[in-house]
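Chemist: In UniProt numbering, the protein residues as written are 1 to 200.
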């Protein structure tokens, strides 16, 4: 399955340059995400923009497929990338800043999606996991009676990218997915906890 890795934003809150290339456990964040999708048998493509020229160059240097978009906004860039890819069927989307993502998680999400008969799937982690590590989620919702926050890992139909799609809201008890890195403080916590929440 195609997997679009969104890496076109500036990462201004982190103030460490292009976010996808920030080092986590001696590798750029995006390298961990790409590894997870490749090991899960997916076809990852990085979505870049004019705001992330170094990420684009990193993709070239490492023979990683990428699509360069106009950098208008998350949704706009995603729609543009889907159109350029020509994918009409189901595809993954992922942020580049979830380095604790693993192939096992991706395979579990894909199996759950295929069993649901819904066109889309969003993934969530309980807020308690975020609180355990001092992460500060920006969005909250109740999923299956549990206060949760989204993980930035989704599946949807390419042919319906511009529409609201009926989705499976999948709650995952995965501590690693609580780490969506937006601040230097969160990055420091991740470095400390990395090998406890993701095989390294």
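All residues carry an ideal CB built from backbone N, CA and C; glycine is no exception. Note that this is a predicted model, so its numbers are computed, not measured.
Check each candidate in 183, 184, 140 and 179 and name the one with the smallest Cα separation from residue 194.
Modeler: 179
Chemist: By how many angstroms is the C-alpha of residue 62 removed from the C-alpha of residue 124?
Modeler: Approximately 31 angstroms between the Cα atoms of the pair.
Chemist: For residue 132, which residues of its own chain have a beta-carbon under 8 angstroms away from its beta-carbon, when the five flanking residues on both sides are left out?
Modeler: 175 and 178
Chemist: Since residue 57 is in the alpha helix (DSSP H), which residue starts that stretch and which ends it?
Modeler: 53–61
Chemist: To the nearest angstrom, how far is it from the Cα of residue 24 to the Cα of residue 190?
Modeler: 8 angstroms
Chemist: In three-state terms, what does DSSP make of residue 105?
Modeler: helix
Chemist: Could you give the C-beta distance for residue 140 and residue 149, rounded to a whole number, given that I count them as a contact under 8 angstroms?
Modeler: 6 angstroms
Chemist: Restricting to Cα atoms, I'd like to know which of 104, 92 and 86 is closest to residue 119.
Modeler: 92
Chemist: With distances taken from CA atoms, which of 138, 151, 156 and 169 is nearest residue 145?
Modeler: 169
Chemist: Between residue 85 and residue 155, what straight-line distance do the alpha-carbon atoms span, to the nearest angstrom?
Modeler: 15 angstroms
Chemist: CB-CB under 7 angstroms to residue 113, same chain, minus the five flanking residues each way: which ones, in chain order?
Modeler: 121, 155 and 168
Chemist: Classify residue 199: buried if its beta carbon has 16 or more other beta carbons within 10 angstroms, exposed otherwise.
Modeler: exposed
Chemist: Report all residues from its chain with a CB closer than 7 angstroms to the CB of residue 64; omit the five preceding and five following residues, and keep chain order.
Modeler: 34 and 46
Chemist: Tell me, please, whether the segment 96–104 touches the segment 157–168 by the rule of three or more beta-carbon pairs shorter than 8 angstroms.
Modeler: no
Chemist: With H, G and I counted as helix, E and B as strand and the rest as coil, what does DSSP make of residue 183?
Modeler: coil
Chemist: Leaving out the 5 sequence neighbours to the left and right, which residues in its chain are closer than 7 angstroms to residue 68 when beta-carbon positions are compared?
Modeler: Closer than 7 angstroms at Cβ, skipping near neighbours: 48, 49 and 56.
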